Structures are given as structure tokens and as C-alpha cells.
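Structure record follows, encoded as C-alpha cells.
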Amino acid sequence: MELVKKLKELTSIPGISGYEGQVKEKLRDWLRPYTDVKEDRIGNLIVEAGSGDERIVFMAHVDEIGLLITGITPDGKLTFRKIGGIDDRLLYGRHVDVITENGKIDGVIGAVPPHLNIEGRTDTVPWHQLTIDIGAENRDEAVDLGVKPLDFAVFKKHFSILNGRYVSCRSLDDRFGAVVLFEVIRRIFTENLEPELDGKIVFAFTVQEENGLKGARFLANSYSPDYAIAIDSFGCCNLLTGDVRLGQGPVIRAVDNSAIYSRKLALKVRDIALKADIPVQIGTTGGGTDSSAFEHKSEILTLSAPIRYLHSEVEMMNLKDIEALVDLLTHVALKL
1 MELVKKLKEL TSIPGISGYE GQVKEKLRDW LRPYTDVKED RIGNLIVEAG
51 SGDERIVFMA HVDEIGLLIT GITPDGKLTF RKIGGIDDRL LYGRHVDVIT
101 ENGKIDGVIG AVPPHLNIEG RTDTVPWHQL TIDIGAENRD EAVDLGVKPL
151 DFAVFKKHFS ILNGRYVSCR SLDDRFGAVV LFEVIRRIFT ENLEPELDGK
201 IVFAFTVQEE NGLKGARFLA NSYSPDYAIA IDSFGCCNLL TGDVRLGQGP
251 VIRAVDNSAI YSRKLALKVR DIALKADIPV QIGTTGGGTD SSAFEHKSEI
301 LTLSAPIRYL HSEVEMMNLK DIEALVDLLT HVALKL
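See below:
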């Protein structure tokens, strides 16, 4: 299945906030047969379709959470700081890939075995007390392996297909959104839908979302669309998110920690979905998305697919939700 192939290919590429180069290169390769791509000064990739007034900006961020290497200890371990929202409980006893200028090397974040836990501690070890072990005996050996401060690390990637319906991997947030945008762009240019667009549609693959919506804020200085719509994950499923469930369709995100989204625009999108017979859900969650960077100048909304275990190594999504979101975005681009 082509969608699964695209998801696996893009999620496997390491790229934390500010270090998205490899991800963007892959997207350029995908887009090259269909349309021109430009890059702005902060690093967002941009595709424009149609002409005239700016109607819609669609955004999906390509960065992921991870670890920035800050130093090397005398015994060859790597110190780091977190980039993005990482629960400290997920760091202890994990495999990581350390990304250097020369390539990728294996690393582990060690754990004290129960046999040696003489204090009987069960509390979470904070990130600043942890280090990455790359098998070096001292600082010089670590340097010889090619590691230096400002390299970065990500959780080792493993892509699973569960019960033929679900995909699970780290960085589905928000590489799935980038895949969705790509598929919509591909449809517009291969099915000759561009003449049907009422104005200019901007597709942006944004950078540095996980550390403060930096790419989207830069984008908001360049475009003034009627509508700004982020394509991002919708963390579910608990008391905060209500009845939203995986497999029940894309989510119109009404409220999160960064914005109360446009009710008027939400209802327009809901009506477009109903007329196209696309199931949609409406929900609230935590976090924030790129569209809030446009709230001072555009009607804003976030369209999502629900994701279980968000910001972990086992982020999980239903393929039907992703496919339906591609259909919904195509209709929104043509009808809104």
C-alpha cells in the first residue's frame, strides 16, 4: 500500500527541531515530479497552487521531538537536553540513534538493574541525570567516533503494522501530516484540479514546531490568507478528548492549549465533509498547532487524525483516518 510505504519512509528519517534537512530532502524528491518547491529563510518548504488572492495556507510540521547533544563526559558518555515535549519516563533504558555529520551511531540510555537498586527507588529519573552510552571508554574515543556537541539523537525507529489497520512508530507526529499534504498536492497536479481552485492555495511543510511554532510564525509574516489550517496530530483518547476514537474519521480540532479555533470555519469544514460523505469527529485536546501563529490575521483551524500514545515511541494511528483526511483536505481546497 502506497500510503504505508510513504509513512514508513518519512517517519524513519531523523530530524528534530532545527535539524530537519534530511526530511526536507526526501519531500523535495517526492514533490519534484509534480511541481516546483521553494524554501523560505527559516527553512519551511512551500508549494503554491492556483493564482490570485491567498485563500488558504495548509501547514504540516516536519520536525520531531528528540535530544540535542550538549557535551561529552570524561568517561565517554553523552550529555543532552530535551527538544520538545518528552516525558522523562520514556527516556530510561532506551535505544537511541545518535546523528552526527558522518552518519548514525547506536546509543543507549542506561538503567540501574533491580539487583543493584539498593535504595529501592521507583521514582522517575529526571533527564538531566541521564546520559547516552555509545560504548566509548573516554572522551577521546567518543570524539573519534565522530560525536560532538550540537549533534542530536532520536529514539530508535521501529515501524509496526498492527492488525492490518493501524500503524505505530515514533514521529507519526507530524510526518503523517506531511504525507497527507503531499498526497493532496499530488492529486491537485496529477488530476488537473488546479484550475478549479478559487485563488491561491499555499502548502507549507514547516520547521521547528515542537519548540515554539517557529516556522509557522515566520510563515505568518509572509502570507495573509483568509484561512490558515494546520494538519497535525490529535492526542487521544481520554477524559479530555471526549468521544474521539481511532478509526472514526478525521478530527476537527475545536480547542487546545494554544487556541480556540474558528467555529465558523469548523462548521464550514464539517458541512464540506458531510456533503462528501466523509466521516468527521469534533474534539478538544491539549498542546497547540501551527495555525495559532495566524490567529491575528486569518480564520484558523486544525484538522487532525486521532493518535494514541502521542509523543512516545509507539504513536499509533488508524490508516482509514489518514486516508479520509487526504480526501477531506482535497475537498476543502476545492470547496472552501
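Per the UniProt record's numbering, the sequence shown starts with residue 1, numbered consecutively.
All residues carry an ideal CB built from backbone N, CA and C; glycine is no exception.
Given the structure is predicted, the values throughout are model-derived calculations rather than measurements.
Burial state of residue i (16 or more Cβ within 10 Å)
{"i": "T11", "result": "buried"}
{"i": "P14", "result": "buried"}
{"i": "R32", "result": "exposed"}
{"i": "L181", "result": "buried"}
{"i": "D271", "result": "exposed"}
{"i": "V57", "result": "buried"}
{"i": "S262", "result": "buried"}
{"i": "Q22", "result": "exposed"}
{"i": "D123", "result": "exposed"}
{"i": "H311", "result": "buried"}
{"i": "E54", "result": "buried"}
{"i": "K26", "result": "buried"}
{"i": "R121", "result": "exposed"}
{"i": "K6", "result": "buried"}
{"i": "A266", "result": "buried"}
{"i": "G212", "result": "exposed"}
{"i": "I72", "result": "buried"}
{"i": "G18", "result": "buried"}
{"i": "L162", "result": "exposed"}
{"i": "S291", "result": "buried"}
{"i": "R253", "result": "buried"}
{"i": "L301", "result": "buried"}
Under 8 Å between C-beta atoms of residue i and residue j
{"i": "V125", "j": "D75", "result": "no"}
{"i": "A293", "j": "R170", "result": "no"}
{"i": "S224", "j": "K297", "result": "yes"}
{"i": "I229", "j": "L328", "result": "no"}
{"i": "I46", "j": "V202", "result": "yes"}
{"i": "V332", "j": "A178", "result": "no"}
{"i": "T131", "j": "K82", "result": "no"}
{"i": "M59", "j": "I231", "result": "yes"}
{"i": "G249", "j": "V269", "result": "no"}
{"i": "F205", "j": "I69", "result": "no"}
{"i": "E48", "j": "K200", "result": "yes"}
{"i": "G287", "j": "N257", "result": "yes"}
{"i": "E9", "j": "G43", "result": "no"}
{"i": "V4", "j": "V167", "result": "yes"}
{"i": "A324", "j": "I278", "result": "yes"}
{"i": "T190", "j": "Y34", "result": "yes"}
{"i": "L334", "j": "L197", "result": "yes"}
{"i": "G247", "j": "K320", "result": "yes"}
{"i": "L193", "j": "R186", "result": "no"}
{"i": "E295", "j": "A273", "result": "no"}
Candidates the options, of which the one nearest residue i by Cα
{"i": "E64", "options": "G287, I282, D174 and R245", "result": "D174"}
{"i": "T284", "options": "V269, A324, D290 and D243", "result": "D243"}
{"i": "V108", "options": "V314, L265, K268 and I134", "result": "I134"}
{"i": "I282", "options": "V251, E196, D123 and L267", "result": "V251"}
{"i": "V207", "options": "K8, K24, N257 and R253", "result": "K24"}
{"i": "G85", "options": "E210, G110 and L265", "result": "E210"}
{"i": "P195", "options": "I118, R121 and S51", "result": "S51"}
{"i": "G215", "options": "T289, I188 and K148", "result": "T289"}
{"i": "H158", "options": "V96, A111 and L336", "result": "V96"}
{"i": "K104", "options": "N44, K148, N117 and T241", "result": "K148"}
{"i": "G146", "options": "I99, L91, E191 and L240", "result": "I99"}
{"i": "T330", "options": "V4, N163, N44 and V184", "result": "V184"}
{"i": "D144", "options": "F189, I16 and E101", "result": "E101"}
{"i": "L336", "options": "R253, I118, P113 and K275", "result": "K275"}
{"i": "D106", "options": "P114, E141, P113 and V154", "result": "V154"}
{"i": "R139", "options": "I260, D36, T79 and H128", "result": "T79"}
{"i": "D226", "options": "K264, R41 and H115", "result": "K264"}
{"i": "R245", "options": "V112, M316 and A273", "result": "M316"}
{"i": "V326", "options": "F176, R94 and A111", "result": "F176"}
Residue-chain proximity (residue i, chain C), Cβ-Cβ < 8 Å
{"i": "A333", "result": "Absence of chain C from the displayed structure is noted, only one protein chain being present."}
Note down, one range per segment and in chain order, each beta strand (DSSP E) of at least 3 residues found wholly within the segment 158-204.
-> 160-162 and 166-168
Three or more C-beta pairs below 8 Å linking the segment 234-241 and the segment 307-324 = yes
Kindly provide the ranges of any alpha helix (DSSP H) runs that are 4 or more residues long and lie completely inside the segment 77-159, ordered along the chain.
-> 139-144
Residue ranges of each alpha helix (DSSP H) within the segment 259-326, 4 or longer | 263-275
Considering only residues of the segment 14-54, which uninterrupted alpha helix (DSSP H) runs meet the minimum length of 4 residues and lie entirely inside it, listed in chain order?
-> 21-31
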